Amino acid sequence: MLTHVHNITLHYEDQGQGVAILLIHAFPLSSAMWQPQIAALTPQFRVIAPDLRGFGASDVPPGPYAMDLFAADLAGLLDTLGIEQVILGGLSMGGYIAFAFMRHYPDRVRALILANTRASADTSDARAGRETNAQLVEQQGAGAIADKMLPTLLGANATPELRAHVRSIIERNQPQGIAAALRGMALRPDSTDLLSQINVPTLFIGGSEDTLTTPAVLREMHSAVVGSQMVELPGAGHLSNLEQPDAFNTALLTFLHAL
Ligand code: MLT
């Protein structure tokens, strides 16, 4: 489906009926990464999975794309769908955006799912690395960023088929969109202070093999959000929803049914 928000066209999946769950994809992927969750959840829930600006089949306006801007796009999407409140889920960059959404639109969040993400801002080294990667993708294309990131996005157990699938999702994105998101992530503020203010049911999901957002990082956030739950998926790396989809979906459904 397509809609117009803030003068751009956004593409999104909208499947199933019932309580609405908005799933925010990781960097540098697209809504295509949520296929296993859309299949598992839509018999009972409505799942909305947008391509963020700059990704998938959405427009690629000039950047940088601040996390607040992505969050405003999502609020605009919910407005056009007439949805006031959602269960909000994000993986990695999707989690950074979920924090921005929580900061600006806390009343629109019924519950929160934060997978393979972190509340902290980039270090100065990480910011410099973002700019290096932005220039790399601008000069050499999305394949170059796939080459650089795939070894850390996926754990050692990921099959060649999954590696090829993730590469193809990355390579369908435009270099300008990827660079704009990199520069936006570098600008994001620290969200650690937000954790103690979260007062909706919250589930953290981590992957035991995730070296980008380690289980220790997830556990620290979990301990800061009163009443939150945490599930660590054995054998999963950073893209835990694709690496261990059955266990990821079980964690989601158990959390959702208890709401
Ligand atoms: C992601 O998976 O969204 C990225 O690894 C996030 C990041 O680069 O910080």
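Numbering (this note's numbering), first residue to last: 10 to 268.
We treat Cβ as the ideally placed atom computed from N, Cα and C, and that holds for glycine.
Nothing here was measured: the structure is a model prediction, and the numbers come from that model.
query                                                                                                         : result
Of the residues Gly63, Asn250 and Gly193, the one placed nearest Leu171, counting alpha carbons only          : Asn250
Thr222, buried or exposed, once every other Cβ within 10 Å from all chains shown has been counted against 16  : buried
First through last residue of the alpha helix (DSSP H) which encompasses Ile47                                : Gln44 to Leu50
Cross-strand partners of Thr12 (DSSP beta bridge)                                                             : Leu19
Same chain, Cβ closer than 6 Å to Val226, neighbours up to 5 away in sequence not counted                     : Arg127
Extent of the continuous alpha helix (DSSP H) run through Glu252                                              : Ser249 to Glu252
DSSP three-state assignment for Glu218, whether helix, strand or coil                                         : coil
Cα-Cα separation, Ser67 to Arg139                                                                             : 22 Å
Between the CA atoms of Gln185 and Glu218 - distance to the nearest angstrom                                  : 30 Å
Between the CA atoms of Asp131 and Leu316 - distance to the nearest angstrom                                  : Summary: the structure shown does not reach residue 316, with the chain confined to residues 10 through 268, and so no result is reported for it.
Gly99, enclosing beta strand (DSSP E) - first and last residue                                                : Val95 to Leu100
Chain-ordered list of residues that sit, by beta carbon, closer than 5 Å to a heavy atom of the ligand MLT    : Ala35, Phe36, Ser101 and Met102
Leu268, buried or exposed, once every other Cβ within 10 Å from all chains shown has been counted against 16  : exposed
Sequence-distant residues of the same chain with beta carbon closer than 6 Å to Phe54, five excluded per side : Gly25, Gly27, Val28 and Ile30
Nearest candidate by alpha-carbon position, reference Arg143, set Pro160, Ala190 and Leu163                   : Just to set this straight, residue 143 is Ala in the shown sequence, not Arg. Selected option, being the one with the closest Cα: Ala190.
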